[in-house]
Amino acid sequence: MKNFQIAIIGGGVVGSAIAWELSRYKVNVAVFEKGSDVASGASKANSGVIHSGINSTPSSLKAKYCVEGNKLFQSIADELHFPVRWVGKFVIAKDEEEVKELKHLQEIGKKNNVQNLEIQDGSHVQKKEKNVCCHAALWVPGAGITEPYKFTIALAENAAENKVSFFLETEVKGMRKEKDFFKLQTNNGSFQAQITINAAGIHCREIVGMVEEPDFQVYPCRGEYLVLDKNYASLIASMIYPVPVKEMGVLGVHLTPTIDGNILLGPSAEFINDVEDKKTTKETMKTLFAEAKDIIPILPERAVINAYAGIRCKLASPSKGGWADYRIEQSEITPGLINLLGIESPGLTAAPALAKDIVRMIGESIPLKTKEKVKHSIKRTRFVDLPQEEQSQLIAQDERWGRIVCRCEHITEKEIIDALANPLGAKTISAVKYRCRAGMGRCQGGFCTQHIVRIMEEQCRMDIHDIKLRSPRSTLFYNRTREAKHGR
32 MKNFQIAIIG GGVVGSAIAW ELSRYKVNVA VFEKGSDVAS GASKANSGVI HSGINSTPSS
92 LKAKYCVEGN KLFQSIADEL HFPVRWVGKF VIAKDEEEVK ELKHLQEIGK KNNVQNLEIQ
152 DGSHVQKKEK NVCCHAALWV PGAGITEPYK FTIALAENAA ENKVSFFLET EVKGMRKEKD
212 FFKLQTNNGS FQAQITINAA GIHCREIVGM VEEPDFQVYP CRGEYLVLDK NYASLIASMI
272 YPVPVKEMGV LGVHLTPTID GNILLGPSAE FINDVEDKKT TKETMKTLFA EAKDIIPILP
332 ERAVINAYAG IRCKLASPSK GGWADYRIEQ SEITPGLINL LGIESPGLTA APALAKDIVR
392 MIGESIPLKT KEKVKHSIKR TRFVDLPQEE QSQLIAQDER WGRIVCRCEH ITEKEIIDAL
452 ANPLGAKTIS AVKYRCRAGM GRCQGGFCTQ HIVRIMEEQC RMDIHDIKLR SPRSTLFYNR
512 TREAKHGR
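Going by the working numbering, the sequence shown opens with residue 32, and the numbers climb by one from there.
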């Protein structure tokens, strides 16, 4: 039995943000993540938008945490060295009728204390976005973009460096309250904690159900995205949104530039029954592309290089409009269980502010003393972005810096090895991909995957049968088709 003061269930952006906040204090914390890495669910499968607060109902928790989180983002990015760009966004109107909706959004933003909102006519918009044709648009300068997986990984890895224990591929299968502590049963043994934080996202109801009867339902809603090749990065400079779709409680198909130059189209919104159903569909891809082409008519179909999907955790059914506020609360039935329920968009933006409030709640039960010294995150620059002189120096020190493994993204063998040596112990093809971008280019790993596998075998001494794509069940190799004894 391993004992902790605080157990966090879920290694997504919210769970990792809470772990990072707690890592500054003298408290024993464990994070349980059933995936092979943090950010293995909705925290990586979104558009990476840092929202401003124009879409959240005034006085709601969504509005509160979105606006507060937005204000915290830059300072956290500076501290943890993950990328942020304040590109702003346009919400576009096709006609005068939709301009009424822009005014409504502007009014919501003002009530939420969002600054510098401005409605511009179509000709003014085209001065900045020459490929976007619209009647008018609401300009939101306080909106930005980040890499959602790198944000989550930065939080988690720095927390781990400051003694938070992360248990990957560890699913909480049972939990019960005994006197003043919780007993958690996992596939990797039993644990004990005084306080349990339920940050399980789409699985939040299952966690509550282990100790009490849930008084809410979860309605999974799948969102699919298309990814454009970075050769088309110049199509837009800012995020481009349509007027939101009222009946779905979502923001509609939008175009989002990413930090590394790709553009995302999406997401769709489809209520489903299976919380694990992250498939992408041909029909939805066609719809996404058609809706994006309505916004940018010159968008070429050949620009699409990939598709992916994520699952939103909604507390409201489609018949009720799909919109519900967050529920952030300590259970009245099970003291010591803190639940974060229905954390969907703008959850990424809200995460830093949510984490601060959760730590305040914990401080009411456990004395939190600040550590005298914490380890700070080390800034790392991609090899391809270094000056030639520095590249030459690195290659002279270690020739693996000079071996390009991913041709599309120009990632070296040493960068692959460093990605595999992460503080969390995540060792999958996906863990490499989300730390150094190997496999994210035009060929989507067609060239580099075999070389990454070789590095995992030879440099990291991994058994090839243990190498996985992204999840505990995604083993890549079972048997050899030709035995070495045959000389082949």
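Note that CB positions come from ideal geometry on N, CA and C, so glycine has one too.
First through last residue of the beta strand (DSSP E) which encompasses residue i
i    : result
T311 : That residue, T311, is in no beta strand (DSSP E); it is neither H nor E in DSSP.
E178 : Premise fails: E178 is in no beta strand (DSSP E) and is neither H nor E.
A5   : Because the chain is modelled from 32 through 519, residue 5 falls outside the range shown and cannot be assessed.
I435 : 435 to 437
Bounding residues of the alpha helix (DSSP H) (the contiguous stretch that carries residue i)
i    : result
Y465 : 460 to 467
G220 : Per DSSP, G220 belongs to no alpha helix (DSSP H); it is in the beta strand (DSSP E), 220 to 229.
V44  : 44 to 53
Three-state secondary structure (DSSP) of residue i
i    : result
S423 : helix
F198 : strand
A38  : strand
L354 : For the record, residue 354 in the displayed sequence is Trp; it is not Leu. Three-state DSSP puts W354 in coil, outside helix and strand.
D211 : coil
N510 : coil
A386 : helix
V484 : helix
F247 : coil
A167 : strand
I442 : strand
N189 : helix
L371 : strand
E360 : strand
E332 : helix
I397 : coil
V203 : strand
C235 : helix
I448 : helix
E403 : coil
V145 : coil
K410 : coil
I342 : strand
V156 : helix
R519 : Confidence at R519 is low in this model, with a pLDDT of 49, below 50, so its placement is unreliable and the value that follows should be read with caution. Three-state DSSP puts R519 in coil, outside helix and strand.
V415 : helix
Residues near residue i in its chain [Cβ-Cβ closer than 6 Å; skip 5 each side]
i    : result
Q225 : Q36, F212
R431 : E444, K445
I495 : E488, F508
A381 : Y96, C97, G100
R413 : none
P377 : H82, C97
A61  : F35, A38, S196
G472 : C439, E440
K261 : G292, N293
C491 : L451
D68  : A457, A462
S91  : D356
H482 : V436
One or two residues paired with residue i in a DSSP bridge
i    : result
V18  : Residue 18 is absent from the structure shown; the chain starts at 32 and stops at 519.
L286 : I271, L296
I150 : L169
T217 : V203, G220
K499 : T506
F302 : C252
K33  : F222
Y431 : Contrary to the premise, residue 431 reads as Arg rather than Tyr in this sequence. R431 is not bridged to any residue.
Y56  : T401
Beta-carbon contacts of residue i that lie in its chain and below 8 Å, excluding the five residues immediately before and after
i    : result
M392 : Q361, I369
Y250 : F302, K345, L346, A347, S348, P349, G353
I397 : Q36, I37, V58, Q225, I226
K204 : Q216, T217, N218
Q223 : M32, K33, N34, F35, F212, F213, K214, L215
R519 : Reliability of the predicted coordinates at R519 is poor, the pLDDT of 49 falling under 50, and the value obtained from them is presented with this limitation in mind. Excluding positions up to five away in sequence, the list reads R513.
P7   : Here the chain covers residues 32 to 519 and nothing more, so residue 7 does not appear.
I389 : I49, E52, I228, I359, I369, L371
Sequence-distant residues of the same chain with beta carbon closer than 7 Å to residue i, five excluded per side
i    : result
L319 : E255, L257, V284, L296, G297, S299
G476 : G470
K125 : C165, H166
V242 : M206, R207, K208, T365, L368
E149 : W170
Test: residue i CB closer than 7 Å to a CB of chain C
i    : result
G205 : Protein chains in the displayed structure number just one, and chain C is not present.
Closer than 6 Å: residue i CB and nearest the ligand COA heavy atom
i    : result
T365 : As presented, the structure is devoid of all ligands, the ligand COA included, so that no description of it is given.
Original post:
Quick one: complete alpha helix (DSSP H) runs, 4+ long, within the region 67 to 137?
Top reply: 92 to 111
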